[in-house]
Amino acid sequence: MRIDSAGGRRHVRLTVLATALCLAVPAAAQDYRVAGGMSLPRDGTIGGQVQASAELGPRTSGFGVRVDLLYSQTPSRALSVGDLVFGGQSTRTMAAVGGLFYRREVRDFAPYLLAGGGAYEQTGTAGVALGVHGGVGVDYAGARYRPFVEARMHRLQGAGDAEVLQHRERSLISALFGFRF
758 MRIDSAGGRR HVRLTVLATA LCLAVPAAAQ DYRVAGGMSL PRDGTIGGQV
808 QASAELGPRT SGFGVRVDLL YSQTPSRALS VGDLVFGGQS TRTMAAVGGL
858 FYRREVRDFA PYLLAGGGAY EQTGTAGVAL GVHGGVGVDY AGARYRPFVE
908 ARMHRLQGAG DAEVLQHRER SLISALFGFR F
């Protein structure tokens, strides 16, 4: 096959690139998740949490990378339910976290471990705090909508010079139910 023109060579290069991309896509599994559930900060007031996630990892390995965006809201400690509903007074946590996961498939179930770090912004604190998280979950592939459950603990750095422990170190436990697509 002889290609004399620059346009012809460009066409061949684009064809080779498109073929390589098509062959590479099955080698990396992508998963997207949406979830909702409850969150429990250290002070013991139960709230709600929503989360969106994206995963990427080789199909042959159980390891991968996951990025989450989450929003959690709980009643403030000294407030009534009326203040929360009508006044909007609450403790809100927004985070962008990333981490590694390990999933082991057993028939239709795939238990997994997840750990990493991220940036957290919480009302009542100045600026963004760094933190770590770790958790466990189970994916179920036997249903049409591919549900999952997950429990995680997030630990945030607070003000290092604070006298009260809750201001030096903050934690948030989440229990979520969601769907993968």
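Each residue of the sequence shown is one higher than the one before, starting from 758 at the first, in this note's numbering. For glycine and all other residues, C-beta sits at the position ideal for the given N, C-alpha and C.
Selected residue, minimal CA-CA separation from residue i, among the options
{"i": "G875", "options": "G804, L827, L797", "result": "L827"}
{"i": "L813", "options": "I930, G888, R860, L887", "result": "R860"}
{"i": "T802", "options": "R937, I930, V885", "result": "I930"}
{"i": "S928", "options": "F934, M910, F936", "result": "M910"}
{"i": "R799", "options": "T850, T817, L871, G819", "result": "T850"}
{"i": "F820", "options": "F858, L887, Q808, G794", "result": "F858"}
{"i": "F938", "options": "M795, A853, Y902, A932", "result": "Y902"}
{"i": "T848", "options": "S829, G855, G856", "result": "S829"}
{"i": "F905", "options": "S818, A852, R864, L933", "result": "L933"}
{"i": "R896", "options": "R816, A811, F936, S818", "result": "It should be pointed out that residue 896 corresponds to Asp in this sequence rather than to Arg. When only C-alpha atoms are compared, the closest one is F936."}
{"i": "A811", "options": "S796, V791, V863", "result": "V791"}
{"i": "R816", "options": "T772, E862, P868", "result": "E862"}
{"i": "S818", "options": "Y869, A883, L887", "result": "Y869"}
Residue environment, residue i, which counts as buried when at least 16 other CB atoms sit within 10 Å
{"i": "V842", "result": "Because the pLDDT of V842 is 49, which lies under 50, any placement of that residue in the model is unreliable, and the question is left without a value."}
{"i": "Q787", "result": "exposed"}
{"i": "T831", "result": "buried"}
{"i": "R823", "result": "buried"}
{"i": "F866", "result": "exposed"}
{"i": "Y789", "result": "exposed"}
{"i": "E907", "result": "buried"}
{"i": "G735", "result": "Nothing can be reported for residue 735, as the shown portion of the chain is limited to 758 through 938."}
{"i": "S796", "result": "buried"}
{"i": "G793", "result": "exposed"}
{"i": "A853", "result": "exposed"}
{"i": "V782", "result": "Reliability of the predicted coordinates at V782 is poor, the pLDDT of 47 falling under 50, and the value obtained from them is presented with this limitation in mind. Under this definition V782 is an exposed residue."}
Residue i CB to nearest heavy atom of the ligand ZN below 6 Å
{"i": "L929", "result": "The model depicted lacks the ligand ZN and carries no ligand whatsoever."}
Identity of the residues DSSP links to residue i by a beta bridge
{"i": "S847", "result": "P832"}
{"i": "R790", "result": "S810, R937"}
{"i": "I930", "result": "L797, M910"}
{"i": "R823", "result": "E812, G856"}
Proximity below 7 Å, CB of residue i to CB of residue j
{"i": "L871", "j": "G892", "result": "yes"}
{"i": "D825", "j": "Q808", "result": "yes"}
{"i": "V889", "j": "E878", "result": "no"}
{"i": "G855", "j": "G873", "result": "yes"}
- request: With a floor of 3 residues, list each beta strand (DSSP E) that falls wholly inside the segment 857–927, ordered by position along the chain.
  value: List check, beta strand (DSSP E) in window: 866–879, 885–897, 904–914.
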